[in-house]
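Just remember that the working numbering sits 16 ahead of the position in the sequence shown, which is counted from 1. Each residue gets a CB set at the ideal place from its N, CA and C atoms; glycine is no exception.
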Amino acid sequence: MIKKVGQKEIQVNDEGYLVDFNQWDKEVCLCLADEQCINLTERHWEVIEYIHDKHRNDEPLSIRGIKKSGVINVKEFYGLFPGGPLKKATLIAGVPKPKSCI
């Protein structure tokens, strides 16, 4: 599915995740966050950077991994990305939905 963001078009799957991570940029990120009713703060950006690092290194993402990362505690993670933190955080970060997410 094609979605228009500003002057460009991005391709997303039926769940709204980017098909091509290379299409991700700050403008796309802000649009995806807005669609999830999330106003990004510095803490959100720190989590997004952590997710990008894991994605670049082909490391799996999980709530347990986030908890052990030292980047953010689980309670704050749920507060930043309510209603499915790992799903929402990865969608906004432009990476594929983790296998640990149903």
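Environment of residue i [buried if 16+ CB atoms lie within 10 Å]
| i | result |
| --- | --- |
| Leu64 | A small fix is needed here, since residue 64 is Ile in this sequence, not Leu. Its Cβ being crowded by 16 or more others within 10 Å, Ile64 is buried. |
| Lys84 | exposed |
| Lys91 | exposed |
| Thr57 | exposed |
| Trp40 | buried |
| Val44 | buried |
| Gly110 | buried |
is_contact[residue i, chain B] using C-beta, thresh 9 angstroms
| i | result |
| --- | --- |
| Leu48 | Absence of chain B from the displayed structure is noted, only one protein chain being present. |
Coarse secondary structure for residue i, derived from DSSP in three states
| i | result |
| --- | --- |
| Ile26 | strand |
| Leu77 | coil |
| Ile88 | coil |
| Leu107 | helix |
| Val35 | coil |
| Lys42 | helix |
| Ile64 | helix |
Cutoff 6 angstroms; reference residue i; Cβ partners in own chain excluding five residues on either side
| i | result |
| --- | --- |
| Ile82 | Phe93 |
8 angstroms contact criterion, which residue i and residue j should meet: CB distance rounded
| i | j | result |
| --- | --- | --- |
| Cys117 | Leu96 | Contact flag wrong, Cβ pair sits at about 16 angstroms. |
| Ala54 | Lys104 | According to the sequence provided, residue 54 is Ile. The question's Ala does not apply to it. Rounded, the Cβ-Cβ distance is 7 angstroms, consistent with contact. |
Chain-order list of residues whose beta-carbon lies under 8 angstroms from that of residue i (same chain, five-residue window excluded)
| i | result |
| --- | --- |
| Leu46 | Leu56 |
Same chain, Cβ closer than 7 angstroms to residue i, five either side skipped, listed in chain order
| i | result |
| --- | --- |
| Val28 | Met17, Lys19, Leu34 and Val35 |
May I ask you to verify whether the segment 55-73 touches the segment 18-35, counting CB pairs closer than 8 angstroms and requiring at least 3? No, the segment 55-73 is not in contact with the segment 18-35.
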